[in-house]
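Engineer: Protein chains in written order, with this note's numbering: chain V, 1 to 318; chain U, 319 to 640; chain W, 641 to 982. Note that the Cβ used here is the ideal one computed from N, Cα and C, for glycine as well. Please read through the structure below; I'll follow up with questions.
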Amino acid sequence: MYGYIARRLVQLVFVLIGVSIITFLIMFLIPGNPAYLLAGKNATPQRVAEISVELGLNKPIYVQYGRFVDRLVHGNFGESYQFERPVRQMLQSAIPNTAQLAVAAVLIELLGIPLGIYSALRQYTIWDSTLTTTALIIWGIPVFVLAVFMQYVFGVYLGILPFYGTGGSTFLWVIPADWNNLSHLILPAVTLGIIEVAYISYMQRASMLEVIRSDYVRTARAKGLPERSVILKHSLKNAVIPVLTIAGIDLGALMGGAILTETVFSRYGVGLMVYNAINARDLPVVVGGVLFATFVYVIANLVVDLAYAYIDPRIRYE
Amino acid sequence: MTDTESAASFAEPQLDSPLPVGSENEPVSAKPLGLWADTWRRLRRNKLALVGLGIIIVFLVIGVAQIIAGVTGIHGGYLAPYNPNAVNYTIAKAPPSLAHPFGTDYIGRDVFSRVLVASRISLLVGVIAVSIALALGLALGPLSGYYGGAIDSVIMRVADVFFAFPYILFVLLLVVVLGPGFRNVFIAIGLLSWASYARLVRGTVLSIKTQEYVEAAKAAGASDLRIVFGHVLPNSMAPVYVAIAMGIGGAIVTEAALSFLGIGVQPPTASWGNMISDYLNYLQAGQWWMELFPCLALVITVFGFISFGNGLRDATDPKLKE
Amino acid sequence: MAERLLEVTDLSTHFFTYAGEVKAVDGVSFTLDRDETLGIVGESGSGKTVTAMSVMRLIPDPPGRIVGGTIVHKGRDLLAVSKEEMSDIRGNDVAMIFQDPMTSLNPVFKIGDQIAEVIRRHQGKSKRESWKMAVDLLAKVGIPDPEERVNQYPFEYSGGMRQRAMIAMAISCNPDILIADEPTTALDVTIQAQIMDVIREMQAQYHSGVIMITHDLGVVAQMADKVMVMYGGRTLEDGPVDEVYYNAHHPYTWGLLGSLPRLDETEKQRLTPIEGQPPNLLLLPAGCPFSGRCLYEMPVCAGEFPALEMVEPGHGVHCWIPVAEREKIRAGLPQFVHRVPS
Numbered sequence: 001m002y003g004y005i006a007r008r009l010v011q012l013v014f015v016l017i018g019v020s021i022i023t024f025l026i027m028f029l030i031p032g033n034p035a036y037l038l039a040g041k042n043a044t045p046q047r048v049a050e051i052s053v054e055l056g057l058n059k060p061i062y063v064q065y066g067r068f069v070d071r072l073v074h075g076n077f078g079e080s081y082q083f084e085r086p087v088r089q090m091l092q093s094a095i096p097n098t099a100q101l102a103v104a105a106v107l108i109e110l111l112g113i114p115l116g117i118y119s120a121l122r123q124y125t126i127w128d129s130t131l132t133t134t135a136l137i138i139w140g141i142p143v144f145v146l147a148v149f150m151q152y153v154f155g156v157y158l159g160i161l162p163f164y165g166t167g168g169s170t171f172l173w174v175i176p177a178d179w180n181n182l183s184h185l186i187l188p189a190v191t192l193g194i195i196e197v198a199y200i201s202y203m204q205r206a207s208m209l210e211v212i213r214s215d216y217v218r219t220a221r222a223k224g225l226p227e228r229s230v231i232l233k234h235s236l237k238n239a240v241i242p243v244l245t246i247a248g249i250d251l252g253a254l255m256g257g258a259i260l261t262e263t264v265f266s267r268y269g270v271g272l273m274v275y276n277a278i279n280a281r282d283l284p285v286v287v288g289g290v291l292f293a294t295f296v297y298v299i300a301n302l303v304v305d306l307a308y309a310y311i312d313p314r315i316r317y318e
Numbered sequence: 319m320t321d322t323e324s325a326a327s328f329a330e331p332q333l334d335s336p337l338p339v340g341s342e343n344e345p346v347s348a349k350p351l352g353l354w355a356d357t358w359r360r361l362r363r364n365k366l367a368l369v370g371l372g373i374i375i376v377f378l379v380i381g382v383a384q385i386i387a388g389v390t391g392i393h394g395g396y397l398a399p400y401n402p403n404a405v406n407y408t409i410a411k412a413p414p415s416l417a418h419p420f421g422t423d424y425i426g427r428d429v430f431s432r433v434l435v436a437s438r439i440s441l442l443v444g445v446i447a448v449s450i451a452l453a454l455g456l457a458l459g460p461l462s463g464y465y466g467g468a469i470d471s472v473i474m475r476v477a478d479v480f481f482a483f484p485y486i487l488f489v490l491l492l493v494v495v496l497g498p499g500f501r502n503v504f505i506a507i508g509l510l511s512w513a514s515y516a517r518l519v520r521g522t523v524l525s526i527k528t529q530e531y532v533e534a535a536k537a538a539g540a541s542d543l544r545i546v547f548g549h550v551l552p553n554s555m556a557p558v559y560v561a562i563a564m565g566i567g568g569a570i571v572t573e574a575a576l577s578f579l580g581i582g583v584q585p586p587t588a589s590w591g592n593m594i595s596d597y598l599n600y601l602q603a604g605q606w607w608m609e610l611f612p613c614l615a616l617v618i619t620v621f622g623f624i625s626f627g628n629g630l631r632d633a634t635d636p637k638l639k640e
Numbered sequence: 641m642a643e644r645l646l647e648v649t650d651l652s653t654h655f656f657t658y659a660g661e662v663k664a665v666d667g668v669s670f671t672l673d674r675d676e677t678l679g680i681v682g683e684s685g686s687g688k689t690v691t692a693m694s695v696m697r698l699i700p701d702p703p704g705r706i707v708g709g710t711i712v713h714k715g716r717d718l719l720a721v722s723k724e725e726m727s728d729i730r731g732n733d734v735a736m737i738f739q740d741p742m743t744s745l746n747p748v749f750k751i752g753d754q755i756a757e758v759i760r761r762h763q764g765k766s767k768r769e770s771w772k773m774a775v776d777l778l779a780k781v782g783i784p785d786p787e788e789r790v791n792q793y794p795f796e797y798s799g800g801m802r803q804r805a806m807i808a809m810a811i812s813c814n815p816d817i818l819i820a821d822e823p824t825t826a827l828d829v830t831i832q833a834q835i836m837d838v839i840r841e842m843q844a845q846y847h848s849g850v851i852m853i854t855h856d857l858g859v860v861a862q863m864a865d866k867v868m869v870m871y872g873g874r875t876l877e878d879g880p881v882d883e884v885y886y887n888a889h890h891p892y893t894w895g896l897l898g899s900l901p902r903l904d905e906t907e908k909q910r911l912t913p914i915e916g917q918p919p920n921l922l923l924l925p926a927g928c929p930f931s932g933r934c935l936y937e938m939p940v941c942a943g944e945f946p947a948l949e950m951v952e953p954g955h956g957v958h959c960w961i962p963v964a965e966r967e968k969i970r971a972g973l974p975q976f977v978h979r980v981p982s
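Now the structure itself:
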């Protein structure tokens with residue numbers, strides 16, 4: 001187990017290095033002077049010169065990369081030229097809202113596991129085909145289209161929930177402390193979560209179908225175990241393992257989805273911040289937002305992998 | 319799933335036929351079916367997949383027609399009842415009618431024509447982006463799987479990194495840096511999504527390269543490259559076809575999302591994504607038709623690819639063969 | 641007279657697939673007594689595994705269903721008992737060892753858990769008692785360091801050890817009937833003999849009746865008292881092992897025996913394969929499933945399945961060729977030589 005954790009942590013370091021290289025390449029190997037890009041389109045020549053020196057643009061490329069990493073390690077994502085504020089500050093104020101949205105969406109997403117299992121156990125019934133078809137249709141809906149739809153139906157047409165903005169207060173950053181806060185959370189969280197529910201339930205169904213046809217489930221039946229034990233004990237654990245990994249990888253889509261969802265619902269957060277920065281060509285803010293989301297994603301996947309090892313002895317003892 | 323006995327012979331060789339023998343509940347047919355005939359037979363039973371295939375065909379026909387019109391300039395470069403960019407304030411915000419089945423938008427452009435013509439953006443992005451990713455994947459994957467060793471390690475570690483970050487965010491970052499526009503969208507998607515193709519091809523190459531017919535080709539003196547492209551590749555493609563179908567659907571969504579965020583295809587060129595973004599405010603004012611139809615076009619097309627991709631995966635997955 | 645453990649009469653199990661109805665088992669009958677071993681031989685698709693799964697009532701439905709016959713165990717028809725009663729019988733009175741030990745054990749539970757679970761289920765023992773019994777069982781089937789090994793997971797076991805663990809699990813409740821479905825096919829040749837020995841030892845100790853399903857006539861010669869030859873879902877010939885081997889009456893059995901390597905002729909021996917393809921279960925003839933591949937086929941063969949004909953007491957055959965004719969043909973075939981039971 002410890003060996004596995006250690007190896008996973010080493011891997012994490014490599015991934016972070018890889019991500020920093022790719023980000024560096026994207027930003028610095030683009031034709032033209034990256035200082036212009038980073039300074040923004042209305043920057044003064046002095047500001048461009050300042051940034052050039054700060055980035056070490058006159059130095060060899062490995063020095064530039066070194067400085068880039070050094071700044072990242074110190075949490076220095078540069079300064080927003082639009083607001084003339086450090087990106088780090090902007091992130092700090094935007095993160096709690098986004099965290100709330102992401103946590104809520106993940107909690108909703110977990111509904112996909114029981115739905116998928118139920119569907120697999122009722123294969124060839126009307127339930128299964130209905131659930132599967134619905135899942136497939138929802139899975140194919142781009143998150144911003146669903147957001148537009150939810151906003152219109154529940155916010156504008158039915159008028160039962162606020163359809164833009166943020167409000168109220170929270171407890172421990174993410175737990176809604178009042179109705180005002182919760183009501184602003186529901187539509188974006190359901191939008192983001194329901195697509196994941198569709199995806200996860202589809203995957204869970206496939207995985208469960210494979211498991212209940214496996215030899216070891218047949219063995220469990222041959223041992224005379226009651227059907228409840230065959231399903232709950234011998235099938236469930238094996239069927240959930242691959243879905244956990246899929247769910248981890250899918251957090252990336254959820255991060256991207258958060259940007260779009262926050263944009264449609266004008267919900268203050270990292271996503272809306274990045275959207276506004278995109279339109280203002282405020283590159284430091286875009287990079288800061290993307291790197292922050294990447295970091296969360298990488299850490300979340302680490303957690304998923306550790307959970308995976310906890311469940312699956314083959315990995316634990318490797 | 320019951321009788322999974324190997325096709326081994328009774329005592330020693332060749333009592334059983336050299337042909338694979340079906341298990342008792344999935345017997346072999348009179349004539350052994352080819353890989354594709356067999357896949358088609360399974361696919362045909364999956365109604366959702368057939369609906370998906372139908373959608374893809376309709377989408378391809380419309381998209382290709384628009385591309386041909388655009389390239390040749392026939393009929394003003396579009397195949398639609400109206401010029402998709404013709405502004406006419408006198409008929410602005412008209413709800414659907416016989417003359418304008420999808421209504422008109424806030425400056426009187428025909429929404430139906432715009433939705434039709436925009437299909438070419440989706441088709442081009444889907445095909446070109448996936449082609450770029452696939453070309454990279456097909457170059458690196460077999461290299462990795464066939465040679466193994468250091469080449470394999472390097473390629474797969476790099477692929478790991480590409481898997482370890484949220485792809486959509488880096489597409490966004492790359493497009494922001496490259497600047498908005500149609501071309502940069504497919505370059506960004508293509509460059510950042512190669513890893514899954516490479517990994518898929520590598521995996522199947524690994525499982526296949528030890529099989530006998532590859533040994534036979536080697537023994538017959540075929541060169542390494544001919545082995546890879548002549549024997550290994552065609553046999554490892556089934557999961558890749560699935561990934562292509564899913565990948566095109568994914569690229570279409572990504573383009574639409576980027577255009578929705580304002581960094582994809584730029585107005586006045588119609589794309590489903592920028593139409594959805596453009597008409598959003600009018601939905602809230604009750605002029606639903608502008609927003610509804612591009613949304614429907616996008617959702618139906620993406621559903622087609624995902625549904626077909628899923629069906630193809632089920633039809634080619636040996637584990638699901640009953 | 642030994643105790644009759646199992647009497648299967650006219651068992652038919654069909655699969656209803658998209659391509660059509662597959663008669664995987666069609667009118668099969670056999671009996672099994674205490675301390676007796678029955679070998680069921682046949683190629684892939686002959687219906688031998690489906691026969692075993694039918695006795696266990698483990699046919700996946702859909703697509704499969706037992707459409708006819710009776711399976712009487714100690715006076716009770718297993719096809720008539722409720723699902724709950726059947727699950728009390730499975731693992732307790734009738735136990736099964738599967739072909740592939742690599743996939744037949746649950747990867748995420750300890751070996752000890754998987755054995756103790758059966759004991760708790762059928763004998764109502766406590767957790768601790770059943771765990772201790774699991775250790776003893778592992779020792780019995782020849783797992784070294786059972787105290788240690790009981791705590792391990794399947795992936796920490798070799799293939800042979802997993803099959804030993806499967807055997808321990810199967811015998812844990814002292815079953816009347818032990819069904820072994822090609823228990824050694826997936827294993828190394830050197831391990832195969834060991835596993836067969838374990839099964840034999842367990843049978844001697846627990847006095848079970850064993851059904852040994854195999855495609856290997858050598859295994860049957862070593863292990864079985866009587867043998868049933870299956871093809872295309874039908875029984876073609878059955879009887880005591882010596883009788884069937886030395887006095888085979890069905891052309892298919894001749895073919896099987898002709899493809900056995902001979903031990904006495906070391907040089908230039910030729911195995912004679914059976915010509916043609918294994919049958920397509922969807923397109924079986926109404927008559928003998930071997931027709932179409934049989935060298936001595938007659939017009940009647942494909943049309944109607946021949947009735948059971950007893951050539952000796954306990955030795956039955958289904959074949960249209962008249963018995964005198966069969967003996968004449970057999971006399972012209974090269975003499976069969978058999979692996980002597982070791």
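Do you know how far the Cα of T743 of chain W is from the Cα of I138 of chain V?
Structural biologist: About 35 Å.
Engineer: Quick check on T132 of chain V - is its C-beta less than 9 Å from some C-beta in chain U?
Structural biologist: By this cut-off, T132 of chain V is an interface position.
Engineer: With DSSP collapsed to three states, give me the class of L651 of chain W.
Structural biologist: It is a strand residue.
Engineer: Counting only C-beta atoms, is I51 of chain V closer than 9 Å to chain W at any point?
Structural biologist: Not closer than 9 Å to any Cβ of chain W, the Cβ of I51 of chain V fails to qualify, so no.
Engineer: Report the start-end ranges of each alpha helix (DSSP H) in the segment 689-759 of chain W that is 4 residues or longer and not cut off at the edges.
Structural biologist: Complete alpha helix (DSSP H) runs here, min 4: 723-729, 741-744.
Engineer: Do you know how far the Cα of A971 of chain W is from the Cα of A833 of chain W?
Structural biologist: Approximately 34 Å between the Cα atoms of the pair.
Engineer: So does the segment 250-262 of chain V actually touch the segment 97-104 of chain V, counting three or more Cβ pairs closer than 8 Å?
Structural biologist: A contact exists between the segment 250-262 of chain V and the segment 97-104 of chain V.
Engineer: Taking the alpha helix (DSSP H) that A258 of chain V falls in, what are its first and last residues?
Structural biologist: Unbroken alpha helix (DSSP H) run through A258 of chain V: 236-264.
Engineer: For Y202 of chain V, decide whether its Cβ has a neighbour in chain U, counting only Cβ atoms nearer than 9 Å.
Structural biologist: Yes - at least one Cβ of chain U is within 9 Å of the one on Y202 of chain V.
Engineer: Within the present structure, is the beta-carbon of F656 of chain W separated from the nearest heavy atom of the ligand FAD by less than 8 Å?
Structural biologist: Ligands are entirely absent from the displayed structure, and the ligand FAD is therefore not among its contents.
Engineer: Let's test the definition: count the other Cβ atoms within 10 Å of the Cβ of I819 of chain W and tell me whether it reaches 16, buried, or not, exposed.
Structural biologist: That one is buried.
Engineer: When you compare only the Cα positions, how much space is there between E769 of chain W and R840 of chain W?
Structural biologist: Going by the C-alpha atoms only, they are around 26 Å apart.
Engineer: By the 10 Å Cβ neighbour count, where 16 or more other Cβ atoms means buried, how is Q862 of chain W classified, buried or exposed?
Structural biologist: Result: buried.
Engineer: Closer than 9 Å, CB to CB, is Y216 of chain V near chain W or not?
Structural biologist: Closer than 9 Å: yes.
Engineer: Which bits of chain W does G3 of chain V rub up against, with CB to CB less than 7 Å?
Structural biologist: By Cβ distance, chain W contributes nothing, its closest Cβ being about 15 Å from G3 of chain V, past 7 Å.
Engineer: Please list the partners that A220 of chain V has in chain W, where partner means a Cβ-to-Cβ separation under 8 Å.
Structural biologist: Within chain W, the residues near A220 of chain V are N746.
Engineer: Can you list the residues of chain W that N58 of chain V reaches, using a CB-CB cut of under 7 Å?
Structural biologist: Near N58 of chain V there are no residues of chain W at all, since even the closest Cβ is about 57 Å away, more than 7 Å.
Engineer: For K605 of chain W, count neighbouring Cβ atoms within 10 angstroms of its own Cβ and tell me buried if that reaches 16, exposed if not.
Structural biologist: Residue 605 of chain W is absent from the model: chain W starts at 641 and stops at 982.
Engineer: For F623 of chain U and L616 of chain U, what's the separation of their Cα atoms in angstroms?
Structural biologist: Rounded to the nearest angstrom, the two C-alpha atoms are 11 Å apart.
Engineer: Across the segment 888-900 of chain W and the segment 714-723 of chain W, are there enough close Cβ pairs to call them in contact, namely three or more that are closer than 8 Å?
Structural biologist: No, the segment 888-900 of chain W does not touch the segment 714-723 of chain W.
Engineer: What would DSSP say about M852 of chain W, mapped onto helix, strand or coil?
Structural biologist: Looking at M852 of chain W - three-state DSSP - the assignment turns out to be strand.
Engineer: What did DSSP end up calling T134 of chain V once you bin it into helix, strand or coil?
Structural biologist: If DSSP states are grouped into helix, strand and coil, T134 of chain V belongs with the helices.
Engineer: What residues in the segment 728-740 of chain W have a beta carbon less than 8 Å from any beta carbon of chain V?
Structural biologist: Per Cβ criterion, the list reads D728, I729, R730, G731, N732, A735, M736, F738, D740.
Engineer: Who are L678 of chain W's beta bridge partners in DSSP?
Structural biologist: W:I851, W:K866, per the DSSP bridge assignment.
Engineer: Give the residues of chain V in contact with T611 of chain W, contact being defined as C-beta atoms less than 8 Å apart.
Structural biologist: Since the displayed chain W opens at 641 and closes at 982, residue 611 of chain W lies outside it and no answer follows.
Engineer: In chain order, which alpha helix (DSSP H) runs of at least 4 residues are fully inside the segment 761-830 of chain W?
Structural biologist: Entirely contained in the segment 761-830 of chain W, the alpha helix (DSSP H) runs reaching 4 residues are, in chain order, 767-780, 786-789, 799-811.
Engineer: Does the CB of K714 of chain W have a neighbour CB from chain V at under 9 Å?
Structural biologist: So no, K714 of chain W is outside the interface.
Engineer: Counting only beta-carbon atoms, is Y152 of chain V nearer than 9 Å to chain U?
Structural biologist: Interface residue, yes.
Engineer: Chain U beta carbons: is any one of them nearer than 9 Å to that of A247 of chain V?
Structural biologist: With 9 Å as the cut-off, A247 of chain V does not count as an interface residue toward chain U.
Engineer: Using a Cβ-Cβ distance cut-off of 9 Å, determine whether Y124 of chain V contacts chain W.
Structural biologist: Output row for Y124 of chain V: interface = yes.
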